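Beneath this line is the structure, given in structure tokens, with notes to follow.
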Amino acid sequence: MKNILVTGVAGMLGSNIAYLLRDKYNIIGIDTNHFFMMGVEFFNSSAIDVEKVAEIMEKCEVDAVVHCAALVNVDACEENPGYANAVNFSMAKNLNYLCKVYHSQFIFISTDAVYSGNKEGLNTEMDEPAPVSVYGKTKLKAENAVLQNENALVLRTNMYGFNYRDKTSFGEWVVQELRKEKTLNMFYDVQFSPLLVNELVDIIDLCIERKLSGLYNVGCRTPISKYDLGCMLQSEFGLPGTIRKASIHDFNFTAPRTENMGLDCTKLQNVLGITLPSPIDDVKKFKQLFVEGYSKHLKGGE
């Protein structure tokens, strides 16, 4: 059984990796936030602490590191560029170095925010990245360092799903607010390729199995606007409330946003021999998991 170290294990992706893969792998988690899950060894520490991570990797004989920890709040990154650089770039660079030392596979979770957002059509791995935000720039800087390691894998993605902590992803937020009969303004002019976190975990599992390396986009099969995804969730859940079309240009954000974040995931599908889900496939699965109480089980660490 492989030993997998997950950074940011209390975050959305990290906690779902731990929850869904703990029977297949020995999961070791590290996070500054509190975390408990049966069958998972947890270290309450920052992945910035290189000496601590090295100690964990040596003690646990880590076969692969899935690096989920990051400062993902784009406005917070814009306001604190130095801290964003330390968390999003320096931490990844140091972990990548440790993986080379201990001969461990390194999987770096990146973002669609590395693209300029100005292209007509889907963004591919061959496109020249040109991030407009500090968040995107720090993640791209990390990608460039990580890809110097021939055993490293970079996954550019955008996800939603269920959180371990008391935070809400896009999907959870839409459902919660519409249940309260709220009116939501959602962007019709922002295209993205959101993937249900459970699906992303399955793909990461395949990547570990096959020791995949290189750079790949991973998202839902076809892009969708945030407005259309919100309407899809409302329809599938049968929710009250109102969703209004809004333009990203009508709002003032601290960090600049882009309109086209759609991902061409052909490369990953061909290499892994899979077909990624459509937006409606994921919405239906999200609802099924919601009804089954998946979120409660995840938060309970059962």
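Residue numbers for the sequence shown, in our numbering: 4 to 305.
A virtual CB, placed ideally from N, CA and C, is assigned to each residue, including glycine.
Bear in mind the structure is a predicted one, so any value in this text is a computation, not a measurement.
Here's a check: name, in chain order, each residue in its chain whose Cβ is nearer than 6 Å to the Cβ of residue i, leaving out the five neighbours to either side.
i	result
K140	P134
E146	S113 and V157
S49	T35
Which same chain residues end up closer than 7 Å to residue i when comparing Cβ atoms and leaving out the 5 residues on each side of it in sequence?
i	result
R182	L242
V43	A21, R25, I30 and G32
D285	L198, L199, E202 and C223
Taking Cβ positions, are residue i and residue j nearer each other than 7 Å?
i	j	result
I20	V204	yes
A13	N47	no
V149	F92	no
V221	I211	no
I251	L187	no
M40	G276	no
A249	D78	no
I'd like to confirm the pairing. Which residues does DSSP put opposite residue i in its beta bridges?
i	result
H70	T10 and F111
T186	T245
Q194	S228 and N263
D52	Its beta-bridge partners do not exist; DSSP assigns none.
Y100	DSSP lists no partner for Y100.
Does at least one heavy atom of the ligand FAD sit under 6 Å from the Cβ of residue i?
i	result
I7	Absence of the ligand FAD from the depicted structure is noted, as is the absence of any ligand whatsoever, leaving it without description.
Assuming residue i is part of the beta strand (DSSP E), what are its boundary residues?
i	result
A87	That residue, A87, is in no beta strand (DSSP E); its alpha helix (DSSP H) goes P84 to N88.
E44	V43 to N47
G217	G217 to V221
The alpha helix (DSSP H) with residue i in it runs from where to where?
i	result
T269	T269 to L275
K141	Correcting the residue type first, residue 141 is Thr in the shown sequence and not Lys. Its alpha helix (DSSP H) spans residues V137 to V149.
N154	N154 -> no alpha helix (DSSP H), and no H or E assigned at all.
D205	V200 to R213
Return the chain-ordered list of same chain residues with a C-beta closer than 8 Å to the C-beta of residue i, the five sequence neighbours on each side being excluded.
i	result
P280	L198, L199, E202, C223, R224 and K288
Exercise for the section: Decide if the region 209-217 is in contact with the region 153-168; the criterion is three or more beta carbon pairs, one per stretch, under 8 Å apart. Expected result: yes
Handout entry: Validate contact between the region 227-240 and the region 76-96 using beta carbons, cut 8 Å, 3 pairs
Key = Because the criterion of three Cβ pairs below 8 Å is not met, the region 227-240 and the region 76-96 do not touch.
Exercise for the section: Give a yes or no on contact between the region 56-63 and the region 93-104, applying the rule of three or more CB pairs nearer than 8 Å. Expected result: In this structure the region 56-63 lies against the region 93-104, because at least three pairs of beta carbons, one per stretch, are closer than 8 Å.
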